[in-house]
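Engineer: Mapping the sequence shown onto our numbering, position 91 (from 1) lands on 83, and the numbers just tick up by one.
All C-beta atoms in this analysis are idealised placements derived from N, C-alpha and C, irrespective of residue type, glycine included.
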Amino acid sequence: MLNLILPSELVQVLLVSLRKAGQREIGGILMAEHVGLNEFKVCEITVHRRGAIASFVRRIEDAIGKLRLFFERTDNDYRRFNYLGEWHSHPLFEPIPSKMDDMSMFEIVQDASVGANFAVLLIVKLDTDGQLACTAHAYFPNGRRACSTIIFSDYSHTHNSL
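#1: Distance check for L113 and S140, CA to CA, integer angstroms please.
#2: Based on the DSSP secondary-structure assignment, which residues constitute the bridge partners of R137?
#3: Just reading off the beta strand (DSSP E) that S81 is part of, what are its end residues?
#4: Using the C-alpha atoms, what's the distance from S0 back to F98?
#5: When you compare the stretch 81 to 91 with the stretch 124 to 134, are there three or more beta-carbon pairs, one atom per stretch, that lie closer than 8 Å?
#6: Once DSSP output is grouped into helix, strand and coil, what is the label at M23?
#7: Determine the burial state of S105: buried for a count of at least 16 other Cβ atoms within 10 Å of its Cβ, exposed for fewer.
#8: Within the same chain, show all residues whose beta-carbon is closer than 8 Å to that of R50, passing over the 5 residues directly before and after it, in chain order.
#9: When the Cα of S96 is compared with those of V3, A111, E36 and N(-5), which residue comes out closest?
#10: Identify whether A111 lies in helix, strand or coil by the three-state DSSP scheme.
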């Protein structure tokens, strides 16, 4: 099982983005720091609207650019800082993976050109009180999916301060 540390400032980014999106699905990528055995602290997220193929191509280009900047800021220390996975919203449904979510995530981790040992999918939504409801799931190349623990944290340090 993986532990996913989600700092309060990123929870706020998700809340603002979900409120703006309303009933539209949104998503993005997660970048994280490996902070302990099976423990990852999310450092950055991207926020993309979901939509047509043309916007999908722009999202990929935007994500690649943001990943490059992230790696530059972390001195290309891929063992410590790396792509962790994806996130998206289920505004009208429970925040659990659909069959399509599973297929997409297994496609990522089973793609030899990606070279991932695993990838995390964080699914989010606003609950009836307007607070964040979410689940996280780790996907592995062998076809296994495991629930991950989300740790909400007020502690936040930047990778530059270490």
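Structural biologist: Looking at the coordinates:
#1: Reading the sequence shown from its first residue, position 148 is the one you call residue 140. Reading the sequence shown from its first residue, position 121 is the one you call residue 113. Looking at the two C-alpha atoms, the distance is approximately 9 Å.
#2: Counted from its first residue, the sequence shown places residue 137 at position 145. Answer by DSSP bridge pairing, in chain order: Y131.
#3: Mapped onto the sequence shown, residue 81 falls at position 89. S81 -> beta strand (DSSP E) spans F73 to S81.
#4: Along the sequence shown, one-based indexing puts residue 98 at 106. Along the sequence shown, one-based indexing puts residue 0 at 8. For F98 and S0, the distance between alpha carbons rounds to 29 Å.
#5: yes
#6: Here the question's residue 23 lines up with position 31 in the sequence shown. In this structure, M23 counts as strand in the three-state DSSP scheme.
#7: The sequence position of residue 105 within the sequence shown is 113, counting from 1. When all chains shown are included, S105 counts as exposed.
#8: In the sequence shown, the residue the question calls residue 50 occupies position 58. Per-residue confidence for R50 stands at a pLDDT of 41, beneath the threshold of 50, marking its modelled position as unreliable; the derived number appears in the next sentence. Contacts found: none.
#9: What you label residue 96 is simply residue 104 of the sequence shown in a count that begins at 1. Looking at the Cα atoms, A111 is the closest of the given residues.
#10: If you number the sequence shown from 1, residue 111 lands on position 119. In the structure shown, A111 sits in a strand (DSSP, three-state: E or B).
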